[in-house]
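**Student:** For our numbering, count along the sequence shown from 1 and bump the result up by 16.
I am attaching a structure below and will ask some questions about it afterwards.
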Amino acid sequence: MEKVKVALIGYGHLGKWHAQKADQLENSELVAIVESFPQNQQAAKEAHPNVKVVEDLNEVINEIDAALIVTPTSLHFDIAKDLLKANKHIFCEKPLCSSLQQAQELSQYKKDVKLQVGHSERCHAAWEELRPTFTELPANKMIRLQRFAPFKGRATDVDVVQDLMIHDIDLLLYLFPHKIKSVRALGQKIRTANWDHVTAHFYFENGDEAMIVSGRNHVKEERSLEVMSEKGCHFVDLFQNKISYATHGQFDSGEYVQTHSYEKRDHLLIEQKAFYESILQDKKEFVTYEDGVAAIKIIECVLKSLDTHQEVQIND
Ligand SMILES: NC(=O)c1ccc[n+]([C@@H]2O[C@H](COP(=O)([O-])OP(=O)(O)OC[C@H]3O[C@@H](n4cnc5c(N)ncnc54)[C@H](O)[C@@H]3O)[C@@H](O)[C@H]2O)c1
């Protein structure tokens with residue numbers, strides 16, 4: 017196989033960008049777009065006149081090697097199951113599924129194919145510099161992640177934990193290798209019937225603590241990570257692509273804070289390139305099925321804590 021024949025499933029807000037990348041990359045051939053909503057089918061036909069646009073995956077499943085699942089999260093499980101049963105490689109947007117049970121069930125159908133999950137926040141260039149640094153920092157760190165967005169009326173089939181907090185849960189698992197022991201969360205339902213604003217505290221076995229605050233009813237976008245330890249403070253503005261560092265033992269009057277920008281990258285392009293390379297060169301996925309399951313496991317504990325108002329233990 018020289019090029020991966022791929023179908024894009026769900027030509028919505030994010031799907032249209034994924035389709036563009038699949039069309040532009042050398043290692044892929046976008047052969048079909050599967051979309052159920054007539055207006056979005058029309059938009060797909062206009063943007064990709066040489067690509068087959070269909071309503072049902074079954075119409076093209078025999079013509080593809082792989083698929084990109086970019087439908088609402090509540091549909092990921094059924095679509096992924098059908099693709100795995102047909103032995104097709106999958107790139108699935110985050111979260112992998114709506115529940116841990118569904119995510120774990122997929123392993124029954126996953127044979128010798130690649131399954132990559134769209135935890136795109138791992139693509140920030142900042143982590144190449146900071147991931148080794150964070151690993152070296154002493155224990156008893158305080159980690160704070162914040163992700164705010166204006167209300168967009170999208171992803172209301174899920175709560176803010178599955179919609180936004182999942183990005184930061186994945187970053188927590190990716191950047192800080194110690195085990196998370198428990199979580200305590202508080203939240204509000206403001207604009208939808210689901211949690212719209214959630215604050216979750218995570219307790220690590222090495223004494224680290226993390227707080228993630230996620231909201232989807234704000235006046236502007238804000239995404240950041242801050243790590244405080246006895247060595248000083250690192251602050252990453254994930255929206256402006258800037259890293260600031262205040263070192264230990266110096267007064268934080270501004271002049272001692274060093275700030276530099278890092279390269280802004282095309283995350284979807286990086287993810288898809290890695291996906292096709294994993295298929296063509298039989299390499300490990302950039303974000304694995306196990307990574308996707310691990311994030312959902314933490315999500316379920318956050319949701320349990322929100323419902324019970326109790327601290328929830330995270331078991332193996
Ligand atoms: N990685 C990121 O940063 C990021 C950002 C946004 C969204 N997402 C994820 O991407 C997914 C899609 O989000 P979105 O904002 O693009 O949603 P969206 O509602 O804008 O688009 C979903 C599209 O899927 C179509 N669709 C629904 N059912 C279908 C079916 N059975 N077959 C084919 N098409 C179908 C809809 O008509 C719509 O066009 C979600 O899982 C979301 O969590 C990830």
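Ideal placement from N, C-alpha and C gives every residue a C-beta, glycine not left out.
In chain order, what residues of the same chain lie with their CB nearer than 6 Å to the CB of residue 237, ignoring the 5 residues before and after it?
**Tutor:** One-based indexing of the sequence shown puts residue 237 at position 221. Correct list, in chain order: 165 and 255.
**Student:** Roughly how many whole angstroms lie between the Cα atoms of residue 49 and residue 273?
**Tutor:** On the sequence shown, residue 49 is found 33 positions in, with the first residue counted as 1. On the sequence shown, residue 273 is found 257 positions in, with the first residue counted as 1. Their backbone Cα atoms lie some 48 Å apart in a straight line.
**Student:** How far does the alpha helix (DSSP H) with residue 27 in it extend, from its first residue to its last?
**Tutor:** Here residue 27 is taken as the residue at index 11 of the sequence shown, counted from 1. It is not in any alpha helix (DSSP H) - residue 27 carries neither H nor E in the DSSP assignment.
**Student:** Inspect the beta-carbon positions of residue 161 and residue 188 and report whether they are closer than 8 Å.
**Tutor:** Here residue 161 corresponds to residue number 145 of the sequence shown, with the count starting at 1. Here residue 188 corresponds to residue number 172 of the sequence shown, with the count starting at 1. A contact, by the Cβ cut-off of 8 Å.
**Student:** Among the candidates 126, 61 and 308, whose CA atom is the shortest distance from the CA of residue 184?
**Tutor:** The count along the sequence shown starts at 1 and reaches residue 184 at position 168. Nearest C-alpha to residue 184: 308.
**Student:** When the distance is taken between beta carbons, is residue 127 closer than 8 Å to residue 103?
**Tutor:** Taking the sequence shown and counting its residues from 1, one reaches residue 103 at position 87. Taking the sequence shown and counting its residues from 1, one reaches residue 127 at position 111. Contact flag set, yes.
**Student:** Does ligand 1 have even one heavy atom less than 7 Å from the beta-carbon of residue 86?
**Tutor:** Here residue 86 refers to the residue found at position 70 when the sequence shown is read from its first residue. Result yes, Cβ under 7 Å from ligand 1.
**Student:** Examine ligand 1 and report whether any of its heavy atoms sits within less than 7 Å of the Cβ of residue 302.
**Tutor:** Stepping through the sequence shown from its first residue, residue 302 is reached at position 286. For ligand 1, not one heavy atom lies less than 7 Å from the Cβ of residue 302.
**Student:** Check whether the stretch 137–155 and the stretch 273–285 are in contact - that is, three or more C-beta pairs closer than 8 Å.
**Tutor:** yes
**Student:** Report the start-end ranges of each alpha helix (DSSP H) in the stretch 177–235 that is 4 residues or longer and not cut off at the edges.
**Tutor:** Listed in chain order, they are 182–191.
**Student:** Take residue 319 and list the residues in its own chain whose beta-carbon comes closer than 7 Å to its own, dropping the five residues that flank it on each side.
**Tutor:** Position 303 of the sequence shown holds residue 319. Excluding sequence neighbours, residue 319 sits near 177.
**Student:** By the DSSP assignment, the beta strand (DSSP E) with residue 261 in it spans what residues?
**Tutor:** Numbered from 1 along the sequence shown, position 245 holds the residue referred to as residue 261. Membership of residue 261 in the beta strand (DSSP E) is indicated by the continuous run 258–263.
**Student:** Would you list the residues sitting across from residue 112 in a DSSP beta bridge?
**Tutor:** Mapped onto the sequence shown, residue 112 falls at position 96. Per DSSP, residue 112 has no beta bridge partner at all.
**Student:** I think residue 182 touches residue 95, with their Cβ atoms under 8 Å apart; what is that distance to the nearest whole Å?
**Tutor:** Position 166 of the sequence shown, counted from the first residue, corresponds to residue 182. Position 79 of the sequence shown, counted from the first residue, corresponds to residue 95. That belief does not hold up - the Cβ atoms of residue 182 and residue 95 are roughly 18 Å apart, past 8 Å.
**Student:** Provide the residue span of the alpha helix (DSSP H) that contains residue 307, from first to last.
**Tutor:** Looking up residue 307 in the sequence shown gives position 291. From DSSP, the alpha helix (DSSP H) with residue 307 extends over 305–324.
**Student:** With respect to 7 Å, is the separation between the Cβ of residue 61 and the closest non-hydrogen atom of ligand 1 below this value?
**Tutor:** Stepping through the sequence shown from its first residue, residue 61 is reached at position 45. No; taking the cut-off as 7 Å, the Cβ of residue 61 has no heavy atom of ligand 1 nearer than that.
**Student:** Cβ of residue 199 within 8 Å of Cβ of residue 213?
**Tutor:** As a position in the sequence shown, residue 199 is number 183, starting the count at 1. As a position in the sequence shown, residue 213 is number 197, starting the count at 1. No; because the gap between Cβ atoms is not below 8 Å, this pair is not in contact.
**Student:** Go ahead and pull the three-state DSSP assignment for residue 92.
**Tutor:** For the purposes of this step, residue 92 is taken as residue 76 along the sequence shown, with counting starting at 1. Looking at residue 92 - three-state DSSP - the assignment turns out to be helix.
**Student:** How would you label residue 157, buried or exposed, when you count the other beta carbons within 10 angstroms and need 16 or more for buried?
**Tutor:** Residue 157 sits at position 141 when you count from the first residue of the sequence shown. Flag for residue 157 reads buried.
**Student:** If we count the other Cβ atoms within 10 Å of its Cβ and call it buried at 16 or more, is residue 124 buried or exposed?
**Tutor:** The residue given as residue 124 occupies position 108 in the sequence shown. Per the 10 Å Cβ criterion, exposed.
**Student:** Assuming residue 191 contacts residue 251 under a Cβ cut-off of 8 Å, what Cβ separation, rounded to an integer in Å, is found between them?
**Tutor:** The residue given as residue 191 occupies position 175 in the sequence shown. The residue given as residue 251 occupies position 235 in the sequence shown. Incorrect: roughly 14 Å between the Cβ atoms, too far for contact.
**Student:** If I follow the unbroken beta strand (DSSP E) through residue 163, where does it start and stop?
**Tutor:** Mapped onto the sequence shown, residue 163 falls at position 147. Run containing residue 163: 158–164, per the beta strand (DSSP E) assignment.
**Student:** Looking only at DSSP bridge pairs, what is residue 46 linked to?
**Tutor:** Walking along the sequence shown from the start, residue 46 turns up at place 30. According to DSSP, which records beta bridges pairwise, residue 46 is partnered with 22.
**Student:** Residue 248 bridges to which residues according to DSSP?
**Tutor:** Counted from its first residue, the sequence shown places residue 248 at position 232. Residue pairing from DSSP places residue 248 in a beta bridge opposite 245 and 263.
**Student:** Taking 7 Å as the cut-off, does the CB of residue 155 come closer than this to any heavy atom belonging to ligand 1?
**Tutor:** One-based indexing of the sequence shown puts residue 155 at position 139. Because no heavy atom of ligand 1 lies under 7 Å away, the Cβ of residue 155 does not count as near it: no.
**Student:** Pull the bridge partners of residue 106 from the DSSP assignment, please.
**Tutor:** As a first step, residue 106 is located in the sequence shown; it is residue number 90 there, counting from the start. Answer by DSSP bridge pairing, in chain order: 83 and 131.
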